[in-house]
Amino acid sequence: MLEVEGLHAGYDNLRVLHGIDLSVPAGHLLAVIGANGAGKTTLLRAVSGLIRPSAGTVTVDGRAVDGLRPERIAAAGLAHVPENRLVFPSLTVADNLALGGWTRRRSATPADRDRVLDLFPRLRSRLAQPAGTLSGGEQQMVVIGRGLMAAPKVLVLDEPSVGLAPRLVAEIFAALGRLRDEQGQAILLVEQNARAAFRVADRVAVMDRGRVVTTGTPADLAGDDRVQSAYLGGGYQSTVD
Ligand SMILES: Nc1ncnc2c1ncn2[C@@H]1O[C@H](COP(=O)(O)OP(=O)(O)O)[C@@H](O)[C@H]1O
Ligand SMILES: [Mg+2]
1 MLEVEGLHAG
11 YDNLRVLHGI
21 DLSVPAGHLL
31 AVIGANGAGK
41 TTLLRAVSGL
51 IRPSAGTVTV
61 DGRAVDGLRP
71 ERIAAAGLAH
81 VPENRLVFPS
91 LTVADNLALG
101 GWTRRRSATP
111 ADRDRVLDLF
121 PRLRSRLAQP
131 AGTLSGGEQQ
141 MVVIGRGLMA
151 APKVLVLDEP
161 SVGLAPRLVA
171 EIFAALGRLR
181 DEQGQAILLV
191 EQNARAAFRV
201 ADRVAVMDRG
211 RVVTTGTPAD
221 LAGDDRVQSA
231 YLGGGYQSTV
241 D
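When you line the sequence shown up against full-length UniProt numbering, it's residues 1 to 241, in that order.
See the structure below:
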């Protein structure tokens with residue numbers, strides 16, 4: 001559903017991505033982990049058109065989108081949930097969600113909204129509340145929900161766990177797992193929280209200095225001593241909860 005091949009991108013004179021290849025089929029969650037500065041955010045920006053790749057291809061649902069403007073890439077079926085978790089604070093939750101439907105040729109339907117509210121039930125009782133008054137975790141749910149209102153083929157998320165309590169991280173990641181399992185959503189999840197990402201991912205790609213240096217299933221990578229010590233802090237067990 002999302003194919004990235006040989007992707008190079010950066011900023012002015014700074015080259016950040018040096019040939020990224022990755023693939024996210026329907027019903028699959030790929031987690032990209034890596035240290036601060038590895039280029040994870042730059043990867044998502046290049047995929048979603050916020051920066052223009054200098055080489056390589058990005059394909060969404062069979063259509064080449066590299067070089068297109070972000071709104072065209074969104075219309076092709078890619079929803080980008082950026083890292084800053086920005087809601088429109090004075091607008092209600094309902095209006096924040098409704099704004100996510102704009103990329104569709106038709107407006108988002110009540111069914112689209114129900115799909116989001118089934119995924120994040122705690123938003124249902126908050127629909128009339130200004131989004132700025134929600135907790136950080138609930139705001140993250142609104143922002144993800146806003147992306148889903150466009151019924152994307154591919155959902156990409158930039159560190160949705162940042163600053164959230166572990167229980168909320170677990171709740172949000174469980175929702176991403178359901179989205180994949182029940183709706184066949186293709187998901188590309190960028191995370192520094194490797195432990196949480198490993199619990200939900202089908203595959204994990206490790207990025208270092210603008211390259212994917214290792215890729216495999218969570219179980220494969222958890223058995224890799226370097227990954228274990230650099231990203232998992234020693235205690236990972238694939239069977240935990
Ligand atoms: N807007 C920008 N302008 C110039 N350099 C940037 C910009 N954003 C990020 N960088 C640089 O690109 C590199 C990769 O950053 P980033 O993609 O944000 O990494 P990550 O998300 O993995 O922490 C870093 O060296 C960072 O300083
Ligand atoms: Mg980042």
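Positions of the beta carbon are idealized from the N, C-alpha and C atoms, including for glycine.
Cβ-heavy atom distance, residue i to ligand 1, below 6 Å
i, result
"L14", "yes"
"T214", "no"
"T133", "no"
"Y231", "no"
"N36", "yes"
Cβ-Cβ distance between residue i and residue j below 7 Å
i, j, result
"A76", "V65", "yes"
"E191", "A31", "yes"
"G27", "R180", "yes"
"D142", "A131", "Here residue 142 turns out to be Val, not Asp, going by the sequence shown. Going by C-beta atoms, V142 is nearer than 7 Å to A131."
"A175", "L119", "yes"
"V154", "L78", "yes"
"T217", "A205", "no"
"D202", "L29", "yes"
"L168", "G137", "yes"
"A128", "T92", "yes"
"D158", "E83", "yes"
"residue 249", "V60", "Nothing can be reported for residue 249: it is not among the residues displayed for the chain, which extend from 1 to 241."
"R126", "L117", "no"
"M149", "D208", "no"
"G62", "G6", "no"
"residue 242", "F173", "Since the first and last residues shown for the chain are 1 and 241, residue 242 lies out of range."
"G161", "N193", "Checking the sequence, you will find Ser at residue 161 rather than Gly. Cβ atoms of S161 and N193: closer than 7 Å."
"V212", "I51", "no"
"G49", "R69", "yes"
DSSP three-state assignment for residue i, whether helix, strand or coil
i, result
"S90", "coil"
"M149", "coil"
"S238", "Any reading at S238 needs caution, since the residue's pLDDT is 44, under 50, leaving its predicted position unreliable; the model's value is listed next. Reduced to three states, the DSSP call for S238 is coil."
"Q129", "coil"
"A230", "helix"
"V162", "coil"
"L155", "strand"
"A186", "strand"
"A175", "helix"
"R85", "coil"
"L134", "coil"
"A98", "helix"
"A108", "coil"
"D225", "helix"
Check: residue i C-beta below 6 Å from any heavy atom of ligand 2
i, result
"T217", "no"
"T41", "yes"
Where in the segment 1-82 do unbroken runs of the alpha helix (DSSP H), each at least 4 residues long, occur, reported from the N-terminal end onward? 40-48, 70-75
3 or more residues per run - each beta strand (DSSP E) lying fully within the segment 188-223: 203-208, 211-216
Examine the Cβ distances between the segment 5-20 and the segment 29-46 and report whether three or more of them are shorter than 8 Å. Touching, yes, given that three or more Cβ pairs across the two stretches are closer than 8 Å.
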